[in-house]
Amino acid sequence: MRYIEPHIHMVSRVTDDYQKMAVSGCVAISEPSFWAGFDRCSADGFKDYFIQLTQYEPKRAARYGIKHFCWLCINPKEAENLQLARDVVSMIPNFINHQNVLGIGEIGLNRNTKNELKVLEMQLELAAKYQTLVLVHTPHLEDKLKGTRLTIDAIKNNGKIPPHKVIIDHCEEHTVKLALDEGYWAGLTLYPQTKCTTARAIDIIEIYGFERIWVNGAADWGNSLPLAVPYLALEMRQRGHSEEEIDRLIFQNPYKFLSQSPNFKVI
Ligand SMILES: [Zn+2]
């Protein structure tokens, strides 16, 4: 079995996780920029983080034969401070041409505030300017549907980013159709408690099919599963899905989306 983990925060995981993922068939990782578990005090904190994502993490992954790619942004949880956001966004062009950078993400909304929306618009403009892929974080709170709608409106208002270059991640039963119907890719995030369980994710795939959907564990510094994708593959097998279907979902689909970036080279 081979798979791509398209959304994981390896900077907050131990090296043992790389080893476990490698022996489970992981060939590539894509790591969006996210919250570090605390609010950073200055843009310099993000500068160090971007250096870690573009220079150091790929070397750690390479020791286990895993290709490491990343995304740059200021995440929605730290987007309330507009001056900080402007400082971080203005620094991104210094990193955007690095060979493992796939695009802008994970951008979006957390509490659906006005400032978060402004920062989202700012970063969509950056993605449009550099013609990169976009990885969207949708809120985990009760406002997921509203946040997903607001985000899609912001992308449409920008008008320069084609839907097939955008993945709307952390979709659930009530938002997946919204993303797919508008021509976007949809991500299902497998979490032990919140977001989507493996059983729910497979139910969604059995209803909506395999087209333009990827699955990820989005493991970070909190309670999460770095092996969420291979666990899902096991459950699919137990439910009678073929190896071809599993390969399509956990390898071919993320490969197809991410390969729209010229930097994504796995095979
Ligand atoms: Zn994430």
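Quick note: the sequence shown uses the numbering used here, first residue 42, plus one each step.
Yeah, the Cβ is synthetic: ideal placement off N, Cα and C, and Gly gets one too.
Note that this is a predicted model, so its numbers are computed, not measured.
Inset, instruction - Give the single residue among Asp210, Val55, Gly66, Lys297 whose Cα lies nearest to the Cα of Glu98. - result: Val55
Legend entry - Bridge partner(s) assigned by DSSP for Trp262: Partner(s): none; Trp262 has no beta bridge.
Inset, instruction - Report all residues from its chain with a CB closer than 7 Å to the CB of Gly224; omit the five preceding and five following residues, and keep chain order. - result: Pro204, His205
Inset, instruction - Output the distance between the C-alpha atoms of Gly258 and Asn198, rounded to the nearest integer angstrom. - result: 30 Å
Legend entry - Chain-order list of residues whose beta-carbon lies under 8 Å from that of Glu162 (same chain, five-residue window excluded): Ala195, Asn198, Asn199
Legend entry - Near ligand 1: Phe298 beta-carbon under 8 Å from a heavy atom: no
Legend entry - Cβ separation of Thr230 and His48, assumed to be a contact under 8 Å, to the nearest whole Å: 7 Å
Legend entry - Cutoff 8 Å; reference Thr179; Cβ partners in own chain excluding five residues on either side: Gly149, Leu150, Lys185, Gly188, Thr189, Thr192, Ile209, Asp210, His211, Cys212, Thr216
Inset, instruction - In the DSSP assignment, find the unbroken alpha helix (DSSP H) run with Asn199 in it and report its ends. - result: 185 to 199
Inset, instruction - Would you decide whether Pro295 is buried or exposed? Buried here means 16 or more other CB atoms lie within 10 Å of its CB. - result: buried
Legend entry - Touch test, the stretch 284 to 301 against the stretch 239 to 257, Cβ-Cβ under 8 Å, three pairs minimum: yes
Legend entry - Terminal residues of the alpha helix (DSSP H) in which Leu165 lies: 155 to 171
Inset, instruction - Give every residue of the same chain whose Cβ lies closer than 7 Å to the Cβ of Ala63, excluding the five residues on either side of it in the sequence, and list them in chain order. - result: Tyr105, Gly106, Ile107
Legend entry - Boundaries (first-last residue) of the alpha helix (DSSP H) holding Phe87: 84 to 92
Inset, instruction - Give me whichever residues DSSP pairs with Thr230 in a beta bridge. - result: Asn257
Legend entry - Contacting residues, own chain, Cβ-Cβ under 8 Å from Ala102 (five flanking each side not counted): Met51, Tyr59, Ile70, Lys108, His109
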